[in-house]
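Only one structure is covered here, and it is reproduced in the block below.
Protein chains: 2
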Amino acid sequence: MSTNTSGRAQPRQLSKESIVQAAIELIAREGAQALTVRRLGIELGVDATAFYRHFPDKDALVLAIGDHFAGWVYERVQTLVAPETSWQDQIRAVARASWEAIELFSGAMALTFARTSGGEPERHMVELLLEIVEPLGFTPERTVIVYRMLADAFLALTGMNATFESLEPSLQEKDLSAWSRIYAVQSGKGYPAIRRHVKELISVEDKAIFDFTIETLIRGIAAMAEEAGK
Amino acid sequence: MSTNTSGRAQPRQLSKESIVQAAIELIAREGAQALTVRRLGIELGVDATAFYRHFPDKDALVLAIGDHFAGWVYERVQTLVAPETSWQDQIRAVARASWEAIELFSGAMALTFARTSGGEPERHMVELLLEIVEPLGFTPERTVIVYRMLADAFLALTGMNATFESLEPSLQEKDLSAWSRIYAVQSGKGYPAIRRHVKELISVEDKAIFDFTIETLIRGIAAMAEEAGK
DNA sequence: ACCTGAACACCGTTCAAGT
DNA sequence: ACCTGAACACCGTTCAAGT
Numbered sequence: 001m002s003t004n005t006s007g008r009a010q011p012r013q014l015s016k017e018s019i020v021q022a023a024i025e026l027i028a029r030e031g032a033q034a035l036t037v038r039r040l041g042i043e044l045g046v047d048a049t050a051f052y053r054h055f056p057d058k059d060a061l062v063l064a065i066g067d068h069f070a071g072w073v074y075e076r077v078q079t080l081v082a083p084e085t086s087w088q089d090q091i092r093a094v095a096r097a098s099w100e101a102i103e104l105f106s107g108a109m110a111l112t113f114a115r116t117s118g119g120e121p122e123r124h125m126v127e128l129l130l131e132i133v134e135p136l137g138f139t140p141e142r143t144v145i146v147y148r149m150l151a152d153a154f155l156a157l158t159g160m161n162a163t164f165e166s167l168e169p170s171l172q173e174k175d176l177s178a179w180s181r182i183y184a185v186q187s188g189k190g191y192p193a194i195r196r197h198v199k200e201l202i203s204v205e206d207k208a209i210f211d212f213t214i215e216t217l218i219r220g221i222a223a224m225a226e227e228a229g230k
Numbered sequence: 001m002s003t004n005t006s007g008r009a010q011p012r013q014l015s016k017e018s019i020v021q022a023a024i025e026l027i028a029r030e031g032a033q034a035l036t037v038r039r040l041g042i043e044l045g046v047d048a049t050a051f052y053r054h055f056p057d058k059d060a061l062v063l064a065i066g067d068h069f070a071g072w073v074y075e076r077v078q079t080l081v082a083p084e085t086s087w088q089d090q091i092r093a094v095a096r097a098s099w100e101a102i103e104l105f106s107g108a109m110a111l112t113f114a115r116t117s118g119g120e121p122e123r124h125m126v127e128l129l130l131e132i133v134e135p136l137g138f139t140p141e142r143t144v145i146v147y148r149m150l151a152d153a154f155l156a157l158t159g160m161n162a163t164f165e166s167l168e169p170s171l172q173e174k175d176l177s178a179w180s181r182i183y184a185v186q187s188g189k190g191y192p193a194i195r196r197h198v199k200e201l202i203s204v205e206d207k208a209i210f211d212f213t214i215e216t217l218i219r220g221i222a223a224m225a226e227e228a229g230k
C-alpha cells in the first residue's frame, strides 16, 4: 500500500530548503493564511510536528521565506542592469523587480515586508542600493537617508500591494466595492472634490501610482545631487 | 454577589461603539495579536459569542477599528491647519498626524492600513487630500495620481512602521539585532559600501526617513506644478 | 538524529436554547 | 432583541516515545 496517494507529499527526509519551498508553493496556491504548520505537514507527507526539528518556530520560517524572495529580487535586478546602466535606471530596475515579485510571492511578501532576518539576500540588497546612491556625491549621512528612503518606499509600497493581493478573494472584493462606494458618492451634498474626479479615481491603476512615486523620488534625488555636486 | 470583580468588564449592554472602544484599548495594552473574540468577551464581561450580535465577523470589527483611527487622523489634521495654510504645510500636517497615530494605534494600523472600509472617515480623508492637490492646476488625471501617491505613501510607510511597532517585544528585538548584524559586517571581505556607512546606518532614525520622503515628494510635486502652471 | 502522535492551550464561528 | 454555552473545525507548540 502506497503512502503517497494524495497528489502531493513525497520527500520522507526534510530539510530547511524543502520546507521553505513547500511553504512558498502552498502560499502561492492557497494564500498567506493557508500557511500553517499542520498544512505544511500534509504538503510534505510528514507529521506536522516534524517541522520543529528544522525550525525553532513558525516565525523563523516566515523570515526564511522573506530571505527567499529578497534573493529572487536581487537575482532579478542582476539580469536587468549592466555596468553602464545609469543610477536612475538601476533604481527603476529594483522597482520593477520588486513589483514583479508581487505576482510571484504576494503572500510571502505580505508576511515579511516589515521584518528583517539579517540574512545574506538582505545584506546584498542593502549593498546594492548603497552602491547606487554612493556615487551621487552626498555626505555619508545624506547617502544613507536617501538609501533608506528608497528601501523603505520599495518595501512599504510593494508590501501594501502584496497584502491586498494576498487577501482572501471575498475580502478583496469587499474592499474593491468599498472603494467604488467611496468614489460613487453622488449623493448631492458633500465631497465635491471626489465627485469632480470620480472617473479618474476609478480608472487609476496601482502600478501607475507606484511608477509615478518612484519617478518622483528619482527626480527629487537628481535635484539634490545637482545642488550638492556643484 | 457582584459579577464585576475582575477589574475590567462593566457594560452589560453591548454596542458597536463599546466593542470598538474595548478592542482599541485591548490592542493598545497587549498588542494586535491579543485581539481575539474570546479576549474581547472577557474584556466586556460578556460571553464571547455575543460579539456576533453586533458584527457579522471579526473582519468587520477590524474595518471599524480602521475607521476609528482614520477619524482620529482627520480630526488631528483639522487642529493643525488653518484656511491660509499652504498646500505644503497641509501635506506636512497630514504626515504629522499619520505619524502621531502610530504611537496611539500601532496595532490597529497594522491590522488595517492595507484595507478599505469605505466609511465616512475614509471619505473625509480622500476629500481632504484631493482638495489639497486640486488647486495646483494639474489635469484631472494628474491630480488623482498625485493624490494617490500621497495617500499610498502615508498609508504604506506608517503601516510598515506600525507593523513593526506592534510586533511582540521579542520579535522586535530579534529584528533589531538582525539589523545590527547586517550593519556590523566587519568580516574583511564583501559589502564594502555597508562597511563605509556603518555609523550612519546605525544612527539614522525612522521618523527622519519618513520626513525626508515626504519632503522629497513635496518638492517633486512643486516642480511639476511649476512646469504645468506656466 | 530525526519522526510520531497524544496532548495543551488556544483560535473564529454556528446554532439551539434561554430571557 | 439580545445573550449563553456547547460544539465544530481549526491553530502553534511541547514532550515522551519510538526508529
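Protein chains in written order, with the working numbering: chain G, 1 to 230; chain A, 1 to 230.
All C-beta atoms in this analysis are idealised placements derived from N, C-alpha and C, irrespective of residue type, glycine included.
Every value quoted in this text rests on a predicted model; they were computed, and no experiment measured them.
Contact set between residue i and chain A, taken where Cβ atoms lie within less than 8 Å
i	result
aspartate 67 of chain G	Going along chain A, no residue has its Cβ under 8 Å from aspartate 67 of chain G, so there is no contact; the nearest lies around 11 Å.
isoleucine 182 of chain G	Thr116, Gly118, Glu122, Arg123 and Val126
valine 204 of chain G	Glu141, Val144, Ile145 and Arg148
leucine 155 of chain G	Met160
valine 20 of chain G	Neighbours of valine 20 of chain G on chain A: none; closest Cβ ~17 Å, over 8 Å.
alanine 223 of chain G	Arg219 and Ala223
Chain G contact for residue i (CB, 9 Å cutoff)
i	result
valine 144 of chain A	yes
phenylalanine 55 of chain A	no
serine 15 of chain A	no
phenylalanine 105 of chain A	no
glycine 238 of chain A	Summary: the structure shown does not reach residue 238 of chain A, with chain A confined to residues 1 through 230, and so no result is reported for it.
proline 83 of chain A	no
isoleucine 209 of chain A	yes
glycine 137 of chain A	no
glutamate 134 of chain A	yes
arginine 196 of chain A	yes
glycine 190 of chain A	yes
aspartate 152 of chain A	yes
alanine 101 of chain A	no
alanine 23 of chain A	no
Close beta carbons around residue i, own chain, < 8 Å, minus the five adjacent residues each side
i	result
phenylalanine 210 of chain A	Ala95, Trp99, Leu157, Thr158 and Asn161
arginine 53 of chain G	Leu14
glutamine 137 of chain G	The displayed chain sequence assigns glycine, not glutamine, to residue 137 of chain G. Once the five neighbours on either side are set aside, the close Cβ partners of glycine 137 of chain G are Ala225, Ala228 and Gly229.
glutamine 88 of chain A	Ile218 and Ala222
Buried or exposed (CB count within 10 angstroms, at least 16 for buried), residue i
i	result
leucine 40 of chain A	buried
isoleucine 218 of chain G	buried
serine 203 of chain G	exposed
aspartate 47 of chain G	exposed
leucine 63 of chain G	buried
glutamine 90 of chain A	buried
glycine 220 of chain G	buried
aspartate 57 of chain A	exposed
glutamine 10 of chain A	In this prediction, glutamine 10 of chain A has a pLDDT of 47, which is less than 50 and means its spatial position is unreliable; nothing more can be read from the coordinates.
glutamate 122 of chain G	buried
serine 166 of chain A	buried
serine 86 of chain A	exposed
alanine 82 of chain G	exposed
glutamate 127 of chain G	buried
Neighbourhood of residue i by C-beta distance below 7 Å, restricted to the same chain and skipping five residues each side
i	result
leucine 26 of chain G	Ala34, Leu35, Arg39, Leu40 and Glu43
arginine 80 of chain A	Note on identity: in this sequence residue 80 of chain A is leucine, with arginine being the wrong assignment. Around leucine 80 of chain A: Ala93, Arg96 and Ala97.
alanine 70 of chain A	Pro121, Glu122 and Met125
Beta-carbon neighbours of residue i, restricted to chain A and to distances below 9 Å
i	result
alanine 114 of chain G	Ala110, Gly159, Met160, Asn161, Ala162, Thr163, Phe164, Leu167 and Asp175
leucine 171 of chain G	Asp59 and Arg115
alanine 178 of chain G	Leu63, Arg115, Thr116, Ser117, Gly118, Gly119 and Glu122
Proximity test, Cβ basis, 9 Å: residue i and chain A
i	result
tryptophan 294 of chain G	Residue coverage of chain G in this structure runs from 1 to 230, which leaves residue 294 of chain G outside it and unanswerable.
glycine 220 of chain G	yes
threonine 216 of chain G	yes
alanine 9 of chain G	Only weak support is given to the placement of alanine 9 of chain G: the predicted model assigns it a pLDDT of 41, under 50, and the question is left unresolved by the model.
phenylalanine 51 of chain G	no
leucine 35 of chain G	no
aspartate 47 of chain G	no
alanine 97 of chain G	no
tryptophan 87 of chain G	no
alanine 64 of chain G	no
alanine 32 of chain G	no
alanine 28 of chain G	no
Close-in-space but distant-in-sequence residues of the same chain around residue i (CB under 6 Å, 5 per side omitted)
i	result
alanine 97 of chain A	Val73, Arg76 and Val77
Closer than 7 Å at the beta carbon, the chain G residues around residue i
i	result
phenylalanine 212 of chain A	Ile145 and Met149
Interface partners of residue i on chain G, CB under 9 Å
i	result
leucine 201 of chain A	Val126, Leu130, Val144, Tyr147 and Arg148
Contact set between residue i and chain G, taken where Cβ atoms lie within less than 8 Å
i	result
valine 94 of chain A	None at all; the shortest Cβ gap to chain G is about 15 Å.
valine 185 of chain A	Arg123
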